[in-house]
Structure formats: structure tokens, C-alpha cells
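**Q**
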Amino acid sequence: MEMVMDSEFTDVMFLANVDPDTIDFKVEQGRLIPYQNNVKLDIPTFFHEGLDESEVDPYGTSPFLSVIQTLAFHQQVMEDIKMVIHNQGYGKYDIKIVEEVLLKRMPIQIRNNEKKKQQWLNEQLDLIINMYQKLDPDAAFVHFDSVEVDMVDGANATLDPQKIMAVIDTQILGALKQYSTLMGRRSQGQTEQYAKLEIKIFMKSVKRVQFMIESILSRALTKLINIHGMQGFVFFEFNDTEIRTELEKVNFEQIAIQNAQKKRDNGWVTQDEASIEVTGTKAASDPDKEMLGVTTSEPKGSPDERQPSDPQSGDSTSSD
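Using full-length UniProt numbering, the letters of the sequence shown correspond one by one to residues 1 to 320.
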């Protein structure tokens, strides 16, 4: 990403995305310097982050490189299946021309001339072919007895293309490092919980790409406020993607509240710590025990109201 400045270099006009394929790196004085069409980009307003880059390879690795070969094979198989379906998948008309009948109708002057005889037969064959090619789909067959029309059924499949495509789809998923749920390839044995688990694992890989974008935008926006004379840092972050339903979120929140309450009641954490765990802020006040129905063993009434025979009174004179 490049931050494009105005002509006086006092303000930022816009942020421009740079095609990483146009960037080349050269080692100069032990540093990797980016170039674009021999233009040096070692400037504070150019920001670069490589995906899965190494210490010696700043270009990174595209996640789509591993799937190119599999997609090419998939495309070739699809072309082959299309040709097979076109040639064998549909029934065809079998139009039989009875040569014996044609020979009887052949003009007498050409019967003994082999060359003219073959030419006349080819003309009759072309005439019949053109006639049937021009028929509409709903037209009826009307012909002489020299032509017999039959239907040839489509050839029985000796190879199940669905199994082949299933294998190729599995290879594509492996090359893309994706999961069947995300690619619309769920099998009948997968449950909703299994699908959510696949989505959660996928979101971990998305986080890696988001982290790279967050780093670039944070650096660019920090440079922007510095140009405008403000000191500080900008932290750009993506919001988490929520895959739970509203009911599931409420249930999870209720469990979290119960756990925090249990920790507080057992004396493991304070009221403020339990409130921070649940809400992120300190408690607004102490819990209303009367409204919650919490009772204590503290005897009611002042000591002077107790009777001497009260076991809980310190003035009791009874002895065991």
C-alpha cells in the first residue's frame, strides 16, 4: 500500500493499493529494498506485508498456488465428460437406407457405369441426410420404404463420473486447505456441530490474513495522524465474526454469569472482579441479597432484646 501525497507533501490525497506482482526486492547494504519498474520505493509512505514470507524470501507464498494444477486437471475432466455426454449420453436416430431398393429405382442408363452409379447413390444419401437435418423437433417422419428409421439408446456408462468428480473435489479442498462445509460439499454424516467446528478452524486462517491487513492499516493510519501533527499510534482491528445464534449467545452469557457468581460466592474473586469478568467494567453496586433471596444466619434484633435463655445470646445462663 502506498500513501499518495499532494504536490506540496503536506497532506495525504488517498491510499493506493499496489499490485504485489509489480514489486521486486533487491538487497542493498544488507537490506531488502522494494522496487517497482526500477523506481525505488524505500520511502516512509510505502507499506508492505508478505503473506507467509520468510527471512530470505519477502515475496511470501500465495495460498492459491497449490490448487492451480488440480484446477487444470478438473477443467480437463469436465471437457472430457462433456464430450462423452454429447456423444453417448443421449439417444440417436438410426436411419437405415435400403440400398437394394435404391438400386431398383436407379436409372437404367447409369446402372452399368460404376462411376455414375456411385455418384447417384451419394446424391441420394446426401438428399436424405439434408432432409432429416432440416426436420423440426416436433415434425413427423414421412418417407419411402427405402428408408428405415430407428432409435439407438444412449450407451451404458462404464465409468461413474460422479465418483471421479468427488475425488477431484477432495483434491481441490486439500490444495486450498479448505473444509467441505465452506465449499458446499457437506456429506450426510456431518452434523451442525461438526460444521461449526470447521468454520471456527477456518476463521483461524482468516485471522492470519486479517492480522496482515491490520498491521498495514495501523502503520498507514499512524503515519497519517503524524503528518497532521498528532502524536500517537493507531491500532486497526477487525471485529470477530460471530457464528452462534442469538439463543446460543444468551445461553453462553448465562453460564458465564453463573460461573462468575459462583467464584464470588466462594470467596475466590471480589464483586468487582466478577463484574469485570462478565461485563468488562466494575460493579455498579453491591448485590441486593434480599431481592436475590439470599438469607444469612445473623440473628435479628439487638442483644438487649434477646432472652437469657436464647442459645445465640451471649448472656445465656443455661448450661449443657
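For glycine and all other residues, C-beta sits at the position ideal for the given N, C-alpha and C.
Since this is a predicted model, take the numbers as computed values, not measurements.
1. Helix, strand or coil for Phe64, going by three-state DSSP, please let me know.
2. So what's Arg264 in DSSP terms, helix, strand or just coil?
3. Quick one: what does DSSP say Asp150 is sitting in, helix, strand or coil?
4. Looking at the unbroken alpha helix (DSSP H) that takes in Ile164, where does it start and where does it end?
5. Could you tell me the alpha carbon to alpha carbon distance between Ala274 and Phe46, rounded to whole angstroms?
6. For Gln29, which option in Pro137, Phe233, Pro107, Asp42 has the closest C-alpha, if you only look at C-alpha atoms?
7. Quick check on the burial criterion: 16 or more other C-beta atoms within 10 angstroms. Buried or exposed for Val101?
8. Per DSSP, Met1 is paired with what?
9. Quick one, are the C-beta atoms of Val18 and Glu2 less than 8 Å apart?
10. I need the straight-line Cα distance from Glu148 to Gln162, nearest angstrom please.
11. What is the rounded straight-line gap between the Cα of Ser313 and the Cα of Asp286?
12. Taking the alpha carbon of Asp126 as the reference point, which residue from Ile97, Asn113, Val142 has its own alpha carbon closest?
13. From what residue to what residue does the beta strand (DSSP E) around Leu32 run?
14. Throw me the rounded Cβ distance for the Pro58 and Gly50 pair, which I believe falls under 8 Å.
15. By DSSP, does Ile95 sit in helix, in strand, or in coil?
16. Can you tell me which of Thr70, Met203, Lys196, Tyr132 puts its alpha carbon nearest to the alpha carbon of Met165?
17. Would you grab the beta carbon distance between Phe211 and Leu221 for me? Rounded to a whole angstrom, and I think it's under 8 Å.
18. Under the three-state reduction of DSSP, which class applies to Ala16: helix, strand or coil?
19. Less than 7 Å between C-beta atoms, sequence neighbours within five positions excluded: which residues of the same chain meet that for Tyr132?
20. How many angstroms separate the CA atom of Arg219 from the CA atom of Val39?
21. In this structure, what does DSSP give as the bridge partners for Glu28?
22. Using CA coordinates, which residue listed in Thr241, Glu277, Gly267, Gly232 is at the minimum distance from Gln254?
23. First and last residue of the alpha helix (DSSP H) that includes Leu41?
24. Counting pairs of beta carbons, one from the stretch 202–216 and one from the stretch 235–251, are three or more of them closer than 8 Å?
25. Report buried or exposed for Arg244, applying the criterion of at least 16 other Cβ atoms within 10 angstroms of its Cβ.
26. Lys204 lies in the alpha helix (DSSP H); which residues open and close that run?
27. Which residues in the same chain have their Cβ closer than 6 Å to the Cβ of Leu224, if we skip the five residues on either side of it in sequence?
**A** According to the structure data:
1. Reduced to three states, the DSSP call for Phe64 is coil.
2. Helix at Arg264.
3. In the structure shown, Asp150 sits in a strand (DSSP, three-state: E or B).
4. Per DSSP, Ile164 belongs to the alpha helix (DSSP H) from 161–176.
5. Cα to Cα, the separation comes out at about 46 Å.
6. Taking only the C-alpha atoms, the option nearest Gln29 is Asp42.
7. Its Cβ having fewer than 16 others within 10 Å, Val101 is exposed.
8. Answer by DSSP bridge pairing: none, since Met1 is not bridged.
9. In this structure, the beta-carbon distance from Val18 to Glu2 falls below 8 Å.
10. Take the alpha-carbon of Glu148 and the one of Gln162: they are about 37 Å apart.
11. Residue placement at Ser313 is poorly supported in this model, since its pLDDT is 48, which falls under 50; the coordinates are not used for a value here.
12. It is Ile97.
13. Judged by DSSP secondary structure, Leu32 falls within the beta strand (DSSP E) whose first and last residues are 31–36.
14. Right, their Cβ atoms sit about 5 Å apart.
15. Correct three-state label for Ile95: strand.
16. Considering only alpha carbons, the answer is Thr70.
17. With a Cβ gap of about 16 Å, Phe211 and Leu221 do not count as contacting.
18. Looking at Ala16 - three-state DSSP - the assignment turns out to be strand.
19. Ile95.
20. The alpha-carbon atoms of Arg219 and Val39 are separated by roughly 22 Å.
21. Looking at the DSSP assignment, Glu28 forms a beta bridge with Arg31.
22. Minimum Cα distance to Gln254 is reached at Glu277.
23. Here Leu41 belongs to no alpha helix (DSSP H), and DSSP marks it neither H nor E.
24. Contact between the stretch 202–216 and the stretch 235–251 is present: 3 or more CB-CB pairs across the two stretches fall below 8 Å.
25. Exposed, by the Cβ-count rule.
26. First-last of the alpha helix (DSSP H) with Lys204: 192–227.
27. Cβ within range, chain order: Val12.
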